[in-house]
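Working notes, structure below.
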Amino acid sequence: MPTDDATDLIELTREICRKDLAPRVDDAERARTFPEETFRTLGRAGLLSLPYPEEFGGADQPYEVYLQVVEEIASVWMSVAVGVSVHSLTAYPIASFGTPEQKEALLPGMLSGEQLGAYCLSEPLAGSDIASMTTRATRTDDGWSLKGTKAWISHAGHADYYTTFARTSDDGGRGLSTFVVPGHAEGLSFADPEKKMGLHCDPVAQVMFDQVRIDEGRLVGHEGEGMHIALSALDAGRLGIAAAATGLAQAALDRASEYASEREQFDRRIGDFQGLAFLLADMEAAVTSARATYLHAARLKDAGRGYSKEAAVAKLVATDAAMRVTTDAVQVLGGAGYTEDFPLERYMREAKVTQIFEGTNQIQRLVISRHLLTR
Ligand SMILES: Cc1cc2nc3c(=O)[nH]c(=O)nc-3n(C[C@H](O)[C@H](O)[C@H](O)COP(=O)(O)OP(=O)(O)OC[C@H]3O[C@@H](n4cnc5c(N)ncnc54)[C@H](O)[C@@H]3O)c2cc1C
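Numbers 74 to 448, taken from my numbering, label the letters of the sequence shown in order.
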């Protein structure tokens, strides 16, 4: 049974989605604008800090509840749900590996949404193989100097801080460290946003670090601990993507079911043809399974148990479900599904990227199979 807190939070999210997000999503996605004010609204409502400690402005909610909130947001505005998940990921290294001083100094701004984050892991030549990254952090008298280029960074140019992974030694994956770089740091610059297939309100661009100097206090965790921090953050982040993909698939299914209940051909509603009814049934099964996999992984996480394999399963199952369900939803609407008069074609474009970011689905299979092999 959900707690009263959880029920209230989901209800609050639905209300914000209905009043604030739903009326704006179509125009904003067409105009490709970054909905900065929406993130402030979600922050003020306490929805950017759900799984983090109350002591620093969080809501101390189980991860399961946070993910259900992400699912709700995604069912209305996928770019914003992805943004919430990315932002949550940027706070994870400080919340889990930061010193008490770092938590006190940085977490309240992050959790209130006053400060929006970006997560700088990928590079032009280091995507799936993050251990091959070349962005380098070199010690200075009073801190560090960062040089290199990150790629595909969500919120690039809009974020107030950049949670960044950089090489501090040549020791492969053991030579990476984690830093929090202020958005106004000198030497930080941004390329033009990528021209993407979808998720148009999530600006993604390269971030260039040209001898960006930061204080010693901006190193998170130990030197050389970056790979461990990145992978641990990605386990949690993957669940955010799984929840968002589930919300997107649910939205597509709802629209398809409505249409199949109304539209008539051959003097019957199209949903009465078994060919289409079974398609809808398979879509429902896919969405329900997707939700079950992310909730299962979240419950393990909330119980303090290992959940890395289950997070990879959830990401794989939910994002493949989103791709299939959104594609089939276009089919249910026929020609109308292929037009911008309905959001289905957008959902389909948005689903595709969920199979690619936060570890492609091939990489999820690698993670899962490594857990299965005994030596
Ligand atoms: C819209 C968007 C937003 C993003 N946001 C962020 C962000 O905020 N921060 C960030 O750091 N990154 C971000 N990314 C980057 C994303 O995480 C990478 O695109 C992803 O990890 C894949 O890396 P790549 O694109 O370099 O592909 P590659 O690693 O070059 O992979 C290309 C293909 O090869 C396959 N492949 C690679 N290695 C293997 C293997 N060992 N076995 C089998 N197949 C393999 C992949 O699955 C893929 O199909 C974002 C990407 C997109 C598109």
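Where is the CB? At the ideal position from N, CA and C, for every residue including glycine.
- prompt: So F14 packs on G294, CB below 8 Å; how close in whole Å?
  reply: Outside the shown range of the chain, which is 74 to 448, sits residue 14, and nothing can be said about it.
task: Tell me where the alpha helix (DSSP H) around Y319 begins and ends.
output: First, the amino acid is wrong: residue 319 is Thr here, not Tyr. Segment 299-335, the alpha helix (DSSP H) holding T319.
- prompt: First and last residue of the alpha helix (DSSP H) that includes I287?
  reply: Going by DSSP, I287 is part of no alpha helix (DSSP H) but of the beta strand (DSSP E) stretching over 277-288.
task: Rounded to whole angstroms, what's the CA-CA distance from A395 to L321? Just pull it up for me.
output: Answer to the nearest angstrom: the Cα atoms are 7 Å apart.
- prompt: Nearest to H228 by alpha carbon, out of A154, T172, L389?
  reply: In terms of CA proximity to H228, A154 leads the group A154, T172, L389.
task: Specify the secondary structure class of F346 as computed by DSSP and reduced to three states.
output: If DSSP states are grouped into helix, strand and coil, F346 belongs with coil.
- prompt: Mapping DSSP to helix, strand and coil, what is P255?
  reply: Note: P255 maps to strand in three-state DSSP.
Sheet register partners of W217 (DSSP bridge): DSSP lists R212, I287 as partners of W217.
query: So, is P96 buried or exposed, given that buried needs 16 or more other C-beta atoms within 10 angstroms?
result: P96 is exposed by the Cβ-count criterion.
S262 - containing beta strand (DSSP E), residue span: S262 -> beta strand (DSSP E) spans 261-263.
field: F430 beta carbon near ligand 1 (any heavy atom closer than 6 Å)
entry: Yes; taking the cut-off as 6 Å, the Cβ of F430 has a heavy atom of ligand 1 nearer than that.
Contact test: Q435 Cβ vs ligand 1 heavy atom, cutoff 6 Å: Q435: yes, Cβ under 6 Å from ligand 1.
message: Starting from T237, trace the beta strand (DSSP E) in both directions and tell me its first and last residue.
response: Start and end: 234-240.
query: Looking at A333 and G344, is the spacing between their C-beta atoms short of 7 Å?
result: Taking 7 Å as the cut-off, the Cβ atoms of G344 and A333 count as close.
query: Under the three-state reduction of DSSP, which class applies to K176: helix, strand or coil?
result: Helix, per DSSP.
- prompt: Can you give the beta carbon distance from Q284 to S218, rounded, assuming they're within the 8 Å contact cut?
  reply: Between S218 and Q284 the Cβ distance is about 5 Å, and since that is below 8 Å, they are a contact.
message: Can you check which of these residues, Y136, E145, G131, L272, is closest to S152 by C-alpha distance?
response: With distances taken between Cα atoms, S152 lies closest to L272.
field: Bridge partners - C193, DSSP secondary structure assignment
entry: Beta-bridge analysis with DSSP links C193 to T237.
query: If you draw a straight line from the C-alpha of R342 to the C-alpha of L326, how long is it?
result: Roughly 17 Å between the two C-alpha positions.
task: Specify whether the region 420-430 and the region 394-411 touch according to this definition: at least 3 beta carbon pairs, one from each stretch, less than 8 Å apart.
output: Counting Cβ pairs under 8 Å, three or more are found: they touch.
- request: From the DSSP output, in three-state form, read off S227 for me.
  value: Three-state result, S227: strand.
query: Say the cut is 6 Å; is the CB of V277 nearer than that to a heavy atom of ligand 1?
result: Within the cutoff, so yes.
field: Endpoints, the alpha helix (DSSP H) within which V149 is located
entry: Per DSSP, V149 is not a residue of any alpha helix (DSSP H), being assigned neither H nor E.
field: Span of the alpha helix (DSSP H), counted from its first residue to its last, around R378
entry: First-last for R378: undefined, no H or E at that position.
query: Near L131, which residues of its chain fall below 6 Å by C-beta distance, leaving aside the five closest residues on each side in sequence?
result: Residue identity check: residue 131 is Gly in the sequence provided, not Leu. Only S122, Y125, L184 meet the Cβ criterion.
query: Grouping DSSP H, G and I as helix and E and B as strand, with all else coil, what is A354?
result: DSSP, reduced to helix, strand and coil, places A354 within a helical segment of the structure shown.
message: Measuring only the C-alpha atoms, how far is I287 from V138?
response: Between I287 and V138, the C-alpha separation is close to 35 Å.
task: Using three-state DSSP, classify L249 as helix, strand or coil.
output: Judged by DSSP in its simplified three-state form, L249 adopts strand.
query: CA-CA distance, K268 and F107?
result: Roughly 14 Å separates the two Cα atoms.
task: Please indicate yes or no: does the CB of G200 lie closer than 6 Å to some heavy atom of ligand 1?
output: Result yes, Cβ under 6 Å from ligand 1.
- request: Have a look at Y411, Y165, F112, R291 and flag the residue whose alpha-carbon is nearest the alpha-carbon of E174.
  value: Per the Cα distances, R291.
message: By DSSP's criteria, A199 is part of a beta bridge. Which residues make up the other side?
response: Per DSSP, E196.
query: Less than 6 Å between the CB of W485 and some heavy atom of ligand 1, yes or no?
result: This structure leaves residue 485 out entirely; the chain is present only between 74 and 448.
- prompt: Would you say L179 touches ligand 1, meaning its beta carbon is less than 6 Å from a heavy atom?
  reply: For L179, the Cβ stays outside the 6 Å cut-off from all heavy atoms of ligand 1.
query: Given A278, which residues of its chain have a CB within under 7 Å of its CB, disregarding the five upstream and five downstream residues?
result: These residues qualify, in order along the chain: I226, A229, G230, F263, A264, D265, P266, E267.
field: CB-CB length for T251 against P166, believed under 8 Å
entry: Taking 8 Å as the upper bound for CB-CB distance, T251 and P166 are in contact here, some 5 Å apart.
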